[in-house]
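Protein chains in written order, with the working numbering: chain F, 22 to 407; chain X, 22 to 407; chain Y, 22 to 407; chain G, 22 to 407. For every residue, glycine included, the Cβ atom is placed at its ideal position computed from N, Cα and C.
4 protein chains.
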Amino acid sequence: MSTTAFDTTAGTAPRGAVLPHVGDLPAGPRNAITDVAGVTVGHATLADGPVQTGVTVVNAHAGDPFTDKVPAAVAVINGFGKSVGLVQVEELGVLETPIALTNTFAVGTVATAQIRQCVLNHAGTGRDLPTVNPLVFECNDGFLNDIQGLAVTDAHYRAACDAAGEDVQQGAVGAGRGMSSFQLKGGIGTASRRVSLSGPTRKEDGTPLPAEGTAAGDYTVGALVLANFGKLPNLTIDGLRVGPTLAMKLAGLEQDPEKGSIIMLLATDAPLDARQLRRLASRAGAGLARTGSVYGHGSGDIALAFSTAYTLPHLPDRPMPTVAMVHETLLDGLFQAAADSVEQAIIHALWSAESVQGRDGHVRPALADLVPDWAAFARRLSGSLQ
Amino acid sequence: MSTTAFDTTAGTAPRGAVLPHVGDLPAGPRNAITDVAGVTVGHATLADGPVQTGVTVVNAHAGDPFTDKVPAAVAVINGFGKSVGLVQVEELGVLETPIALTNTFAVGTVATAQIRQCVLNHAGTGRDLPTVNPLVFECNDGFLNDIQGLAVTDAHYRAACDAAGEDVQQGAVGAGRGMSSFQLKGGIGTASRRVSLSGPTRKEDGTPLPAEGTAAGDYTVGALVLANFGKLPNLTIDGLRVGPTLAMKLAGLEQDPEKGSIIMLLATDAPLDARQLRRLASRAGAGLARTGSVYGHGSGDIALAFSTAYTLPHLPDRPMPTVAMVHETLLDGLFQAAADSVEQAIIHALWSAESVQGRDGHVRPALADLVPDWAAFARRLSGSLQ
Amino acid sequence: MSTTAFDTTAGTAPRGAVLPHVGDLPAGPRNAITDVAGVTVGHATLADGPVQTGVTVVNAHAGDPFTDKVPAAVAVINGFGKSVGLVQVEELGVLETPIALTNTFAVGTVATAQIRQCVLNHAGTGRDLPTVNPLVFECNDGFLNDIQGLAVTDAHYRAACDAAGEDVQQGAVGAGRGMSSFQLKGGIGTASRRVSLSGPTRKEDGTPLPAEGTAAGDYTVGALVLANFGKLPNLTIDGLRVGPTLAMKLAGLEQDPEKGSIIMLLATDAPLDARQLRRLASRAGAGLARTGSVYGHGSGDIALAFSTAYTLPHLPDRPMPTVAMVHETLLDGLFQAAADSVEQAIIHALWSAESVQGRDGHVRPALADLVPDWAAFARRLSGSLQ
Amino acid sequence: MSTTAFDTTAGTAPRGAVLPHVGDLPAGPRNAITDVAGVTVGHATLADGPVQTGVTVVNAHAGDPFTDKVPAAVAVINGFGKSVGLVQVEELGVLETPIALTNTFAVGTVATAQIRQCVLNHAGTGRDLPTVNPLVFECNDGFLNDIQGLAVTDAHYRAACDAAGEDVQQGAVGAGRGMSSFQLKGGIGTASRRVSLSGPTRKEDGTPLPAEGTAAGDYTVGALVLANFGKLPNLTIDGLRVGPTLAMKLAGLEQDPEKGSIIMLLATDAPLDARQLRRLASRAGAGLARTGSVYGHGSGDIALAFSTAYTLPHLPDRPMPTVAMVHETLLDGLFQAAADSVEQAIIHALWSAESVQGRDGHVRPALADLVPDWAAFARRLSGSLQ
């Protein structure tokens, strides 16, 4: 059983926790989406009695997302969701704003905040320039958060943008503040995997190949999830079905059908076009399934993947990129990295999240409180299952 | 050349105009989407100097759209658009709110207004009940309207809801107030077609068929469009390319690429399921093409179709409907009605819209001023083309 | 660790094997797709030196599939595949022929055989009647089978149809004869799950609900897979990653990228429409992921789901069905059953398949030879991983 | 009314016919898909009593389509069709074989012929190389052709390949031999349009732009259609609804619902990726709609677009292309060219096709016999409509 030292970088995880490491690929130095160079993450967290919610922002690069658009694509694994901006991403294959995450009822407010931000940067937006496509993902944090209170404002979106950096807090922060996952406290999780794509070194006729132009190389895939899905009895960690055992520990679990969701963002520095990024995004579903999800009816399970390897200029007054994309037959390494980093990010979200009490006395316990020592717990459980 | 008397029912069209009647199918009594029984339309119009915008609402029935969901489906013909709510409609095949239309930057505000409306009607929304899926379509009215002013508020959405009725004002009203189409004044248009679906009267073995259960019957298809698309040189009315002639009449037409869009809503009382409604919605593209559109890159061309023949209960505490859907082989009549009513609705939008002056002295002329007598104009133009 | 007695019903599995039982739902009496009443399966197997291939046929009911069409839908999880007939299933949501499975190069031959079969049954096919939509799924069995030999003929398709019955042989039979999975012998596997959908028993106002019409009830979901995917190091059985251990046992495993595929058929007696069946089909991807797949680039991973609860008449000379579909909020049980039965069917395929030697001395070993006693193997492996 | 001299280049059209020229864009020198450099077309025609069918092949370039794959994408406008190969084109965005067109029941045979062709060229196909993805489009020519006779063989596919060249015969040739369109004789039609994409000449800050790298340039879009769709009363030529007048000329028109289809192939030398090509392909639907189609239920209306601007190597042993794609905002010219060339190609198909008598005395009249002088006919009809 492979494990890895865990450090949430100023996050909320219990010091010294040792968690399972999913798969064989190594993590990047931060084990975070920000291992993809240029990517930053910021949170604004609202935690005040019945208000337990927030905004999280992911930037693909440090520049202007409107003038230098990164290629992107969406995979709607289960479309019970209210995210905005997906129609245009599917058609045009680019991002135009930071990616925002928040609660379901704050989507309109945050979308308007993104419009204001673009107008501020580009006075012609919606006038002589086209309009901008807000991109806001959401999950319903209504179990802990008084979602009807509509507490998120324009200022929270801006605060999350201002807070963006390479260190990623995980757990009950930002958009993850009020989220539940497997009837435990869920929220933000992140992880990364590094993969070396090696093509052939010789042509079919035996002559040696130059390294350049063959699309081989070392790349990073990073995932950031907003985990708000799952029923506890189904929880599976690194292949071990821990849910039933944990469910016995918790009295009074509600029997409602799942009303959650998960948003799965994937970043990579591998040069992929939008069609290839859609393929990458759909592999998030494989990582998700391994945690015990069957993409429940009421769970909006949506993935988005973007590449930082090049940008597309807003206007044709600058040259289009001339980048060799990864050869299709070399994608498997990236697919593995996508699935593994998503599963790992879900594990990080669960173990990073502290217990939170929200509206009407609702409480979600922290997995880190229930299972402070994963290795011992897993050993015991494996033994009892035999 | 078939024509039809035109009456916008308290709208803005020039009295006595006689317009082409698209196709062979008869219109319903109102030649409006409200010919589908139960459907109502309401507008809130903002017309004050640089503020030329609004909200339009379409209700599928008089009841609660959340508890009694009508089946629906979307066809994204060109996805350069910021409409919200489509992901869930595609997954679940139902509407949960009134359908709202507005300008691009007001989408967030109107979506939040729809959430508030649902919470008001159902206190458990987002708590013990699932969240609600706002459904807001948009076009960019930024040529006439100071779109950056974000003038639309929650109150305008409610006012449009309150104003809903069977009489449909057309042209520069509601969401159509600031819209441009073919560089003329565009906006709201509506039309309807009646179709009689006749299946076989005998079985294959020759025995007579009972009328019931064979899915034959008389049905109505109604269209409502928010027309904000097109370059004038391409304008084609009932097959006659009038654009170049009209373009010569107007000095100083901007040469910008198209930045418009069109939203096309289709209602029918024919019993169709969501899969069939998606097929119906996609036929809106045929009607649109006949007006001179090739679904321009920057034009968000989106269609949605719904049926009023039955509803689906929000919770499984009431029986599911047991309705015989229209047999697939009888759909052609409905497809023809969809294409024809969309083309007719675009014609209505153009001829109903009065000239509007908006921000920065921008003006869109009214087609009714340029072509007060269609029949005479068409006769003259046909002659000159020969 | 739950296990279940295993009986391939005249199949090729080692007598007395005890295999893991995936999930909490009970299997049907046969643990096979034929637990869905009316469904039958037939094989034609070609096993002669370098020819190791075949045809498998699944019938949705005993009647004529052309005149009484069952509702169906497809989920293309990874579209690196050459299956035919999917375009029309996606548009019309029905099947018109038996479902055929075969090798990649035999698709054309079997499609033509299906056309001949329909012409034989309906002399007007393609004349006064429309043409028929052949439906043939495929995987590439070229490692064991001399696929270039094009050995499958019209007669083999007919033989598979003639052999159809409720007892399902598994493993290296029919279309599965030459298939490889996880670099072991793969092929045909089947399984089923029973699920009780229970809606509320009282209305929101507290009055008791009649049982009928609430869509609740007991249903079966059955899966049949053609397993030809996977790299051995990734193999995961019931959450336990057995691949690396098994890979050490086998010398000389080829290092090629995956060139496999998996076809996953799902049958249910629950009344679902085509939109709901698409949702069900996509859950096959969750079951697949749990076995270690990340939907590899070169793996055509395709699922199809159909319902036997009603049929749609070919012509509108018979009434359309008036069936209450399952309420959307009750689908989770069926989704779980779909994922679990697909994972179980893959396990059955692997353990049922005998070792096969094919072209050019290529051999695929049988998992049942490597792991004759699952429980002991799993116990040992769990211990060593701790 | 713009018209153009018409020359089918050794085709079957009446000498000296002058046909309407659709739109404002100029045609290429051949007014054919082969105006896109490198594209060739070949036919094999079977015309013998009740056998009236054939095969048409379109090559994207003169090289090996398997080792040098052109980018491509599909738009399924109405999926009532049995074409094969679309699933993989949608996933991978490339062609691997010549594009073949034939009758509905010959799809299997031609797909197998394509496999044989690839095996002949690449001995490892399906062994150490992956399998090949056959790509065969079809329409049902069963009104004239004894489709049940399965007359098309492997040799006909090879003959069509051998006959491929830059001169394109139109009308009742190749796969078009037995096709009907608007209850007249249909078949193969082709056309092209040239378009000059001009981006800005100065940057936003006013500095002049270098010509290179801005994606501007002169490009060709070519269309080839297999026209087998439409009911005569709906026929519309260049905006003029000629159908009702023509229908009066023909006694005994069958009243059956449409059972046709149309395949629309688009080639371009503009550098587009697969996502952009899907956008281009969908514009075929606009050209189709202008001829009077509403994408009838029973009509398989499918478009495919490919670019010849670059190829993708089969294996990663050669560099991937580093080509600047056309900037998204410059696509409108190509979209217009796609719609116009498809409409023009349908007109060419109708006027090129000679009258054919097929099985059971069935006859389809030639439009060129009914309307030998388009200009005079259009003048007369326009006058009478006023």
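Chain X contact residues for residue i, given Cβ-Cβ distances below 8 Å
{"i": "G342 (chain Y)", "result": "A quick correction: the sequence has Pro, not Gly, at residue 342 (chain Y). Those are A345, listed as they occur along chain X."}
Beta-bridge partners of residue i, as assigned by DSSP
{"i": "H64 (chain G)", "result": "G:T77"}
{"i": "C160 (chain Y)", "result": "Y:N124"}
{"i": "I15 (chain G)", "result": "There is simply no residue 15 (chain G) to check, as chain G begins at 22 and stops at 407 in what is shown."}
{"i": "A212 (chain Y)", "result": "Y:A244"}
{"i": "S217 (chain X)", "result": "X:D239"}
{"i": "D69 (chain F)", "result": "F:V72"}
{"i": "L205 (chain G)", "result": "G:S202"}
{"i": "A45 (chain F)", "result": "Note on identity: in this sequence residue 45 (chain F) is Asp, with Ala being the wrong assignment. In the DSSP output, where bridge partners are listed per residue, D45 (chain F) has none listed."}
{"i": "D89 (chain X)", "result": "X:P334"}
Opening and closing residue of the beta strand (DSSP E) in which residue i lies
{"i": "T350 (chain Y)", "result": "Element bounds for T350 (chain Y): n/a, residue is neither H nor E."}
{"i": "G321 (chain X)", "result": "G321 to S328"}
{"i": "I54 (chain G)", "result": "No beta strand (DSSP E) holds I54 (chain G); DSSP gives it neither H nor E."}
{"i": "A94 (chain X)", "result": "A93 to N99"}
Enclosing alpha helix (DSSP H) for residue i [first to last residue]
{"i": "L287 (chain F)", "result": "Looking at the DSSP string, L287 (chain F) is not in any alpha helix (DSSP H); the run it does join, the beta strand (DSSP E), is S282 to T289."}
{"i": "L107 (chain X)", "result": "L107 to L113"}
{"i": "L40 (chain Y)", "result": "Segment V39 to P41 is the beta strand (DSSP E) holding L40 (chain Y); no alpha helix (DSSP H) there."}
{"i": "A302 (chain X)", "result": "A295 to S303"}
Closer than 7 Å at the beta carbon, the chain G residues around residue i
{"i": "L113 (chain F)", "result": "E349"}
{"i": "I136 (chain Y)", "result": "F126"}
Contact set between residue i and chain X, taken where Cβ atoms lie within less than 7 Å
{"i": "F101 (chain F)", "result": "Q109, E112 and L113"}
{"i": "A295 (chain Y)", "result": "R296"}
Where residue i meets chain F, residues with beta-carbon distance less than 8 Å
{"i": "Q169 (chain X)", "result": "V140, T146, G147 and R148"}
{"i": "Q365 (chain Y)", "result": "Residues of chain F passing the Cβ test: none, with the nearest at roughly 14 Å."}
{"i": "D239 (chain G)", "result": "Result: empty, since nearest Cβ-Cβ is about 15 Å, beyond 8 Å."}
Residue closest to residue i, alpha-carbon to alpha-carbon, out of the options
{"i": "H82 (chain X)", "options": "X:T55, X:G260 and X:H64", "result": "X:T55"}
{"i": "V62 (chain F)", "options": "F:P50, F:P71, F:V76 and F:F398", "result": "F:V76"}
{"i": "S219 (chain Y)", "options": "X:D85, X:T66, X:P337 and X:A93", "result": "X:P337"}
{"i": "G170 (chain F)", "options": "F:P119, F:D149, F:A127 and F:V157", "result": "F:A127"}
{"i": "R296 (chain F)", "options": "F:L113, F:G145, F:K270 and F:N142", "result": "F:L113"}
{"i": "M200 (chain G)", "options": "G:D394, G:D390 and G:A370", "result": "G:A370"}
{"i": "A358 (chain X)", "options": "X:A181, X:V216, X:A93 and X:V157", "result": "X:V216"}
{"i": "H335 (chain F)", "options": "F:V78, F:T118 and F:L40", "result": "F:T118"}
{"i": "V263 (chain X)", "options": "X:N124, X:V392, X:V105 and X:L67", "result": "X:V392"}
{"i": "G260 (chain X)", "options": "G:W372, G:T312 and G:V363", "result": "G:T312"}
{"i": "R137 (chain Y)", "options": "Y:A196, Y:A176, Y:T123 and Y:R304", "result": "Y:A176"}
{"i": "L205 (chain F)", "options": "F:V315, F:S403 and F:E375", "result": "F:E375"}
Partners in chain G for residue i, counting only beta-carbon separations shorter than 8 Å
{"i": "S314 (chain Y)", "result": "Going along chain G, no residue has its Cβ under 8 Å from S314 (chain Y), so there is no contact; the nearest lies around 16 Å."}
Original post:
What residue ranges within the region 127 to 200 of chain Y form continuous alpha helix (DSSP H) runs of no fewer than 4 residues, ordered along the chain?
Top reply: Look at the region 127 to 200 of chain Y and you find these whole runs of alpha helix (DSSP H), each 4 residues long or longer: 128 to 142 and 175 to 183.
Original post:
What alpha helix (DSSP H) runs, 4 residues minimum, are completely inside the region 331 to 392 of chain Y?
Top reply: You should have 353 to 373 and 388 to 391.
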